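Student: To convert, count from 1 in the sequence shown and add 1; that's the working numbering.
All C-beta atoms, glycine included, are put in the ideal place defined by N, C-alpha and C.
Owing to the predicted nature of the structure, the values given are computational and were not obtained by experimental measurement.
Before we start, here is the structure in question, set down as structure tokens.
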Amino acid sequence: MKQKFKQGILVDGSVRSAGVTFYTKQGRTIVRSSKSTQPMRRTKKQFVLRERLAHCNSLWFSLSDTCGPLLTARSRPYDCFMSLAAKLPAVFLTQGENTSGVALLMPGIPVSCGSLTDIGYSLGLVGDSPALLTGLQPADLRCGDSLLLVSLSQVQGPVGPCLDAMKAAVSAADFTEVDGRLALLGDSFADPMRGWALVRRRGGQCSSQQVATTATLYLDYQSHEAMLRAAESYGGLTG
């Protein structure tokens, strides 16, 4: 027996058909289908938007386990991440690369979003030592605040570049004071295949932070040639 339910169909069993989306609700299956007689358009503007969205999704799947708990500004971490990641520049990946989760390290990738005061930082040198230079002063390490160092690594996956993410607690003892500011020192801060973010946490809240990196690989995927290569894998552009 079938009943109309808003814009879908309510069924007791299951339905399998091309172009049909179905899900369960209150123990029953909602089936939704749509069909358009218009050929799918793929203008350059539409393609750029779709490529940006696809890469944002790949970034989310790479980072969600590590960074999901740090995205507290909205009820759903995914929504929070996607609204911030939408500001990243588009990169052009083929259909196979997008479906395989290829993700590129670049500056500005969001790793946290919350109500606490942001931490300013940049990559640089302390003498000859690579460092993550922060705007923190020793007095800023308040009792009750904790700091997390989020690190992203560009690695080679089965189809193309992918991202690994991890986070670790850092304490006051891990910092070096430089001209009244705090810095983290280490050779890894000079690695162009690594990215970093320092997140302040207090209770269930955190600061809003983005990745700092010297990565340049993503630039290879922003060229006109990369766009044409990616578009061809989807059947080319229509205008």
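#1: In three-state DSSP terms, what is MET83?
#2: Can you tell me whether PHE48 is buried or exposed, with buried defined as 16 or more other CB within 10 angstroms of its CB?
#3: May I ask you to report which of helix, strand or coil DSSP gives ALA184?
#4: Taking the C-alpha atoms as reference points, what is the distance between LEU220 and GLN138?
#5: Considering only DSSP beta bridges, list what ASP165 is partnered with.
#6: Grouping DSSP H, G and I as helix and E and B as strand, with all else coil, what is GLN96?
#7: According to the neighbour-count rule (16 or more other Cβ atoms, all chains shown, within 10 Å of its Cβ), is ALA174 buried or exposed?
#8: Helix, strand or coil, according to DSSP, for TYR219 in the structure here?
#9: Counting beta carbon pairs with one atom in the segment 163-183 and one in the segment 59-68, are three or more of them shorter than 8 Å?
#10: Does the Cβ of ARG202 have 16 or more other Cβ atoms within 10 Å, making it buried, or fewer, making it exposed?
#11: DSSP three-state call for ALA174: helix, strand or coil?
#12: Return the chain-ordered list of same chain residues with a C-beta closer than 8 Å to the C-beta of VAL127, the five sequence neighbours on each side being excluded.
#13: For the segment 186-196 and the segment 106-125, state whether three or more C-beta atom pairs, one from each stretch, are separated by less than 8 Å.
#14: Tell me where the beta strand (DSSP E) around SER130 begins and ends.
#15: Let's test the definition: count the other Cβ atoms within 10 Å of the Cβ of HIS225 and tell me whether it reaches 16, buried, or not, exposed.
Tutor: A quick look at the data gives this:
#1: helix
#2: buried
#3: strand
#4: 34 Å
#5: SER154
#6: Residue state, collapsed to three classes: helix.
#7: exposed
#8: helix
#9: yes
#10: buried
#11: helix
#12: LEU134, THR177, VAL179, ALA184, LEU186
#13: yes
#14: 130-135
#15: exposed
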